[in-house]
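Participant: Protein sequence lines correspond, in order, to chains G, Z and D. Here our numbering runs 236 ahead of the position in the first sequence, where the first position is 1. Here our numbering runs 571 ahead of the position in the second sequence, where the first position is 1. Here our numbering runs 3 ahead of the position in the third sequence, where the first position is 1. All C-beta atoms, glycine included, are put in the ideal place defined by N, C-alpha and C.
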Amino acid sequence: MSSALLAVLRRDLLLALRQRGDVLNVLLFFVVVVTMVPLGVGPELNVLRTIGAGAVWVAALLASIVSLARLFAQDHADGTLEQMLLSGQPASIIVIGKVLAHWLVTGAPITLAAIPIAVMFDLHVDAGCTLIAALALGTPALSLLGAVGAALTLGLRGGGVLVTLLVLPLTVPILIFGAGAVDATAGGLAATPYLLLLGGLSLGAAALAPWAIATALRISLE
Amino acid sequence: MHATSPSPTGFRLFRYAAPAEFYRLAGRVVPLVALLAAALGVAGLYVGFFVAPTDAQQGEAYRIMFIHVPAAWMGMFIYVVMAFWAALGLVFNTRMSAIMASALAPTGALMSFLALWTGALWGRPAWGTYWDWDARMTSTLILLFLYMGFMALHSAIDDTRRADRAAGVLAIVGVVNVPIIYFSVQWWNSLHQGSSISLGKAPTIAAPMLAAMLIMALAFWAYCIAAALTRARAIVLERERSSEWVRTLFGAAS
Amino acid sequence: MNWGGWQAFWAMGGYGGYVWTAYGTVAAVVIIEALAVRARLARARRGAAHRRRRG
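1) Roughly how many angstroms separate the alpha carbons of G/Leu371 and G/Thr428, rounded to a whole number?
2) Rank G/Gly288, G/Ala289 and G/Leu297 by C-alpha distance to the C-alpha of G/Phe266 and give the top, closest one.
3) Would you mind working out which of G/Ala448, G/Val273, G/Arg454 and G/Ile301 sits nearest G/Trp339, comparing C-alpha positions?
4) For the alpha helix (DSSP H) that G/Asp311 lies in, which residues bound it at each end?
5) Since Z/Tyr794 meets chain D, which of its residues come closer than 7 Å, beta carbon to beta carbon?
6) Please report the residue range of the alpha helix (DSSP H) in which G/Leu447 lies.
7) Roughly how many whole angstroms lie between the Cα atoms of G/Arg254 and G/Val262?
8) By the three-class DSSP mapping on this structure, what secondary structure does G/Asp362 have?
9) To the nearest angstrom, report how far apart G/Leu373 and Z/Gln628 are at their CA atoms.
10) Strictly below 7 Å CB to CB, what residues from chain D border Z/Leu681?
11) Name the residue from Z/Thr711, Z/Leu724, Z/Ile776 and Z/Leu785 whose alpha carbon lies nearest to the alpha carbon of Z/Ile752.
12) Kindly indicate which three-state DSSP category G/Asp248 falls into: helix, strand or coil?
13) Closer than 7 Å, Cβ to any Cβ of chain G: which residues of the segment 633 to 659 of chain Z, in chain order?
14) Please check the pair Z/Ala676 and Z/Ala797, which I expect to be a contact at CB under 8 Å, by giving their CB distance rounded to whole angstroms.
15) Closer than 6 Å by C-beta to Z/Arg818: which residues in its own chain qualify, once you throw out the five before and the five after it? Chain order, please.
16) Would a check of beta-carbon distances place D/Trp6 closer than 9 Å to chain Z?
17) Using the Cα positions of G/Ala299 and G/Ser328, report the straight-line distance between them to the nearest angstrom.
18) Evaluate contact between the segment 673 to 690 of chain Z and the segment 802 to 819 of chain Z, counting only Cβ atoms and requiring at least three cross-stretch pairs below 8 Å.
19) Opposite D/Gly8 in the DSSP bridges: which residues?
20) Excluding five sequence neighbours on each side, which residues of the same chain lie with their C-beta closer than 6 Å to the C-beta of D/Val22?
21) In this structure, does DSSP put Z/Gly630 in helix, strand or coil?
22) How about Z/Ser673: is its C-beta nearer than 9 Å to some C-beta of chain G?
23) Does Z/Arg732 come within less than 9 Å of chain G when only Cβ atoms are used?
24) Among residues of its own chain, excluding the 5 on either side of G/Thr347, which ones have a beta-carbon nearer than 7 Å to its beta-carbon?
25) Taking the Cβ atom as the reference point for each residue, do Z/Pro696 and D/Tyr26 lie within a distance shorter than 9 Å?
26) Does DSSP classify G/Gly394 as helix, strand or coil?
27) Along chain D, in chain order, which residues have C-beta atoms closer than 9 Å to that of Z/Gly630?
28) Considering only C-alpha positions, which residue in the set Z/Leu611, Z/Leu603, Z/Trp702 and Z/Arg595 is nearest to Z/Phe791?
29) Just to confirm, is the Cβ distance from G/Gly385 to G/Leu457 under 9 Å?
30) Quick check on this structure: which residue in Z/Cys795, Z/Trp704 and Z/Phe663 has the alpha carbon closest to the alpha carbon of Z/Leu687?
31) Are the C-beta atoms of Z/Ser767 and some chain G residue less than 9 Å apart?
32) Roughly how many whole angstroms lie between the Cα atoms of D/Met4 and Z/Ile713?
33) Counting pairs of Cβ atoms below 8 Å between the segment 305 to 316 of chain G and the segment 356 to 363 of chain G, do you hit three or more?
34) Taking only beta-carbon atoms, is Z/Leu808 less than 9 Å away from chain D?
35) Sorted by chain position, which residues of the same chain lie with C-beta nearer than 6 Å to Z/Leu717's C-beta, five sequence neighbours on each side aside?
36) Pull up the distance between the alpha-carbon of D/Val32 and that of Z/Leu681, whole angstroms please.
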């Protein structure tokens with residue numbers, strides 16, 4: 237079972253490596269969106285420090301969801317996806333492999349890119365570290381929830397807008413606790429409860445989402 | 572797939588999984604339920620406007636509560652029921668279950684919208700602002716988004732069976748998320764509220780006020796049942812147009 | 004609850020605008036939804052009958 241997981245993971249990572257441009261685009265999308273906020277709100281550092289965490293998280297949400305189209309679309313287009321599901325390997329394993337690969341090329345880079353962004357918003361070092369930790373713990377849940385949306389909308393006209401509409405409301409808890417963790421640190425309180433909650437949400441999503449994703453894929457491929 | 576069970580007990584309910592049977596039964600039930608809704612509505616409004624006293628803090632503005640709270644309750648309740656029917660449809664592969672879920676969605680969405688609208692109109696006189704991001708209203712707004720997502724996904728898919736089942740999965744994922752969303756929004760609101768004690772939505776409840784609210788809640792419930800059943804009947808006819816029982820039913824009429 | 008006349012009733016202690024807009028919207032939505040749903044059913048019935056006649 238783990239060999240199937242590793243096989244899917246290796247394949248998806250290889251594909252991402254060969255299509256480096258796509259991966260970089262997502263990162264760029266994240267940075268551009270987050271840069272829009274100070275441009276819209278004004279460069280007053282006090283204000284930016286207050287809204288920084290929220291802005292970064294919203295940009296992270298959007299970037300994660302925008303990149304989901306690739307998750308299944310390519311394999312769906314050339315029939316590989318169907319072959320994978322017919323292969324006899326448990327669908328959940330295949331799904332976890334693909335989502336893990338997605339997170340490694342989206343969530344993880346976004347988490348790292350948040351370091352300079354934290355500086356951009358004049359976040360204190362402590363708050364910045366909490367932001368990184370929160371992103372690291374919360375972005376897996378984003379990939380998992382987003383994958384549900386991607387699986388449901390496989391091949392549909394609506395495109396990215398439809399997936400975003402479906403998935404964003406579901407990510408509200410991650411957004412709230414993710415930004416809340418940073419605000420707690422900025423206010424001198426411990427962020428541990430929020431980080432634990434984020435970790436819990438990601439674990440919960442890891443436990444439940446694969447079923448939903450596999451079911452959704454089967455429904456979309458019939 | 573018609574389930575005409577010869578067994579005398581509970582399985583007889585499966586008969587109504589057949590669209591034809593549902594169509595007939597619903598046709599008889601809807602007028603009764605609609606009448607009930609109207610009667611309860613009149614009773615509730617009478618108690619609310621002619622028995623319930625003026626509120627000490629909010630004056631007469633609090634009377635919006637009699638439609639705001641029932642609408643909010645129905646918005647939440649219908650989503651759970653919708654997810655229930657969607658789950659049944661996925662597990663048992665019954666067409667009727669999926670049709671019920673689709674029929675409930677617009678009614679639930681409208682109820683959530685009314686909750687938001689009346690909540691804003693109550694908020695302005697009661698505590699000075701139309702919208703203040705309090706936990707319940709914010710959660711209701713997100714719930715409205717969930718409803719719209721369900722309907723958007725369903726209408727984006729041309730194949731009816733795929734649409735039913737995909738939207739069904741979305742509804743189930745949504746209903747599992749709703750408690751988590753509500754909890755997180757409550758926390759979010761209390762954190763950013765600071766230490767100010769927010770005067771709760773409901774004034775100190777006098778018995779006639781509570782009575783009016785509960786009667787109106789039942790009235791809304793009855794109304795929603797009537798609306799959803801009628802919509803379901805329409806969907807049944809739309810989908811089953813070319814089937815035997817529809818041709819018989821309407822052939823005889825024309 | 005004694006209103007002391009219809010004037011007072013419509014005024015709702017100064018909040019008449021809010022109260023009656025709220026009730027009015029609910030009434031409007033309920034009526035429109037009910038009519039729309041019944042119209043949809045009628046259309047579906049017509050569609051079914053039409054199909055039957057065309058064989």
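Facilitator: Considering the structure as presented:
1) Cα to Cα, G/Leu371 sits roughly 14 Å from G/Thr428.
2) With distances taken between Cα atoms, G/Phe266 lies closest to G/Leu297.
3) It is G/Ile301 whose Cα lies nearest to the Cα of G/Trp339.
4) Where G/Asp311 is concerned, the enclosing alpha helix (DSSP H) stretches over Ala305 to Ala313.
5) Per Cβ cutoff of 7 Å: Val33.
6) First, the amino acid is wrong: residue 447 of chain G is Trp here, not Leu. Per DSSP, G/Trp447 belongs to the alpha helix (DSSP H) from Thr428 to Leu457.
7) Looking at the backbone, the Cα of G/Arg254 and that of G/Val262 are separated by about 15 Å.
8) DSSP places G/Asp362 in helix when its eight states are reduced to three.
9) The alpha-carbon separation between G/Leu373 and Z/Gln628 amounts to approximately 46 Å.
10) Residues of chain D passing the Cβ test: Val32 and Glu36.
11) Comparing Cα positions, the closest option is Z/Thr711.
12) G/Asp248: helix per DSSP, three-state reduction.
13) Of all residues in the segment 633 to 659 of chain Z, none has a Cβ within less than 7 Å of some Cβ in chain G.
14) Actually they do not touch by this definition, with Cβ atoms about 16 Å apart.
15) The answer is none, since no qualifying residue turns up.
16) Output row for D/Trp6: interface = yes.
17) Between G/Ala299 and G/Ser328, the C-alpha separation is close to 24 Å.
18) Yes, since at least three Cβ pairs between the segment 673 to 690 of chain Z and the segment 802 to 819 of chain Z fall closer than 8 Å, the two stretches touch.
19) BP columns for D/Gly8 are empty, so no partner.
20) Here D/Val22 has Met15 as same chain residues with Cβ atoms under 6 Å from its own Cβ, once five neighbours each way along the sequence are excluded.
21) Reduced to three states, the DSSP call for Z/Gly630 is strand.
22) Using a CB distance cut-off of 9 Å, Z/Ser673 does not count as an interface residue toward chain G.
23) True, the Cβ-Cβ gap to chain G drops below 9 Å.
24) Excluding residues up to 5 positions away in sequence, Ile368, Leu371, Ala372 and Thr375 lie with their Cβ nearer than 7 Å to the Cβ of G/Thr347 in the same chain.
25) For the pair Z/Pro696 and D/Tyr26, the CB atoms are not nearer than the 9 Å cut-off.
26) The three-state secondary structure of G/Gly394, taken from DSSP, is coil.
27) Per Cβ cutoff of 9 Å: Met15, Gly16, Gly17 and Tyr18.
28) If you compare the alpha carbons of Z/Leu611, Z/Leu603, Z/Trp702 and Z/Arg595 with that of Z/Phe791, the shortest gap goes to Z/Leu611.
29) Taking 9 Å as the Cβ cut-off, G/Gly385 and G/Leu457 do not qualify as a contacting pair.
30) Distances from the alpha-carbon of Z/Leu687 to those of Z/Cys795, Z/Trp704 and Z/Phe663 put Z/Trp704 closest.
31) In this prediction, Z/Ser767 scores a pLDDT of 41, lower than 50, which makes its location untrustworthy; the coordinate-derived value is nonetheless stated afterwards. Not closer than 9 Å to any Cβ of chain G, the Cβ of Z/Ser767 fails to qualify, so no.
32) Whole-angstrom Cα-Cα distance: 37 Å.
33) Too few Cβ pairs lie closer than 8 Å, so no.
34) So yes, Z/Leu808 belongs to the interface.
35) Excluding its 5 nearest sequence neighbours in each direction, Z/Leu717 has C-beta neighbours in its own chain below 6 Å: Gly745, listed in chain order.
36) D/Val32 and Z/Leu681 have their C-alpha atoms roughly 8 Å apart.
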